[in-house]
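S.K.: The following block contains the structure, expressed as C-alpha cells.
Numbering (the working numbering), first residue to last: 61 to 209.
This is the structure we're talking about:
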C-alpha cells in the first residue's frame, strides 16, 4: 500500500475518533484486510483456514477436508504392481517400440519429437511411422494389461 493511502486512512481514522464515529473507525481499521479478501475472491483464491459447513451440520476449516496426495498402503501396493506389469508387458515389445511407448505415453513427447529421437539413436523414422508403431504397440500391450483397467 502506498504511503499516501496509508496517511489518508490514518487521517480519516483520527477524524472519526474525534467525531466518536466508532463504526467508521472499525471500518477503516478493517479496510486493508477487506480489500485483500476482495482481491482473493476476484482471483478465486481460497484460504485453507476458511470455515466451511458440511451436510452433517458441523463447521470445519478447509484444511481439514482437503484430500491428502499420499497413497495409503493398499494404493501404493496396487501402483507398484501396475508399474511391474507395465515393465513386463513392455519387455515383450521390440527395443524401438518400447522406447516409442515410453516417450509418447509416459513422457508425453509428440510423434515428431519421438521420431527425431528414434532417428538419432536407432534408425531413420518419420513421425507417421512412429505413430503406426505406437498404435501397434498399444494393441499388443492392451491384452497384457487388461486386468489393470
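Beta carbons: idealized from backbone N, C-alpha and C, even for Gly.
Remember, predicted model here, so these are calculated numbers, not experimental data.
With the cut-off set at 7 Å, would you say residue 177 and residue 156 are in Cβ contact?
M.R.: Cβ atoms of residue 177 and residue 156: not closer than 7 Å.
S.K.: Taking the alpha-carbon positions, what's the residue 72 to residue 105 distance?
M.R.: Between residue 72 and residue 105, the C-alpha separation is close to 30 Å.
S.K.: Got a sec? Which residues, its chain only, sit under 7 Å from residue 174 by beta carbon, not counting five neighbours each side?
M.R.: Excluding sequence neighbours, residue 174 sits near 160, 163, 164 and 190.
S.K.: Please report the straight-line C-alpha distance between residue 63 and residue 69, rounded to a whole angstrom.
M.R.: Taking the straight line joining both Cα atoms gives about 10 Å.
S.K.: Using CA atoms only, rank isn't needed, just tell me which of 180, 74 and 198 is closest to residue 149.
M.R.: Closest by alpha carbon: 198.
S.K.: Rounded to whole angstroms, how far is the Cβ of residue 76 from the Cβ of residue 85, which I believe are closer than 8 Å?
M.R.: At roughly 5 Å, the Cβ-Cβ gap stays under 8 Å, so residue 76 and residue 85 are in contact.
S.K.: Is the beta carbon of residue 187 sitting closer than 7 Å to the one on residue 171?
M.R.: Contact: yes.
S.K.: Specify the secondary structure class of residue 159 as computed by DSSP and reduced to three states.
M.R.: The answer is helix: DSSP assigns residue 159 an H, G or I state.
S.K.: Does the beta-carbon of residue 193 have 16 or more other beta-carbons within 10 angstroms, so that it is buried, or is it exposed?
M.R.: Residue 193 is buried by the Cβ-count criterion.
S.K.: Have a look at residue 90 and residue 83 and give me their C-alpha separation to the nearest angstrom.
M.R.: If you take the alpha carbons of residue 90 and residue 83, they lie about 11 Å apart.
S.K.: Out of curiosity, what's the CA-to-CA distance linking residue 151 and residue 201?
M.R.: Distance between the alpha carbons of residue 151 and residue 201 is about 10 Å.
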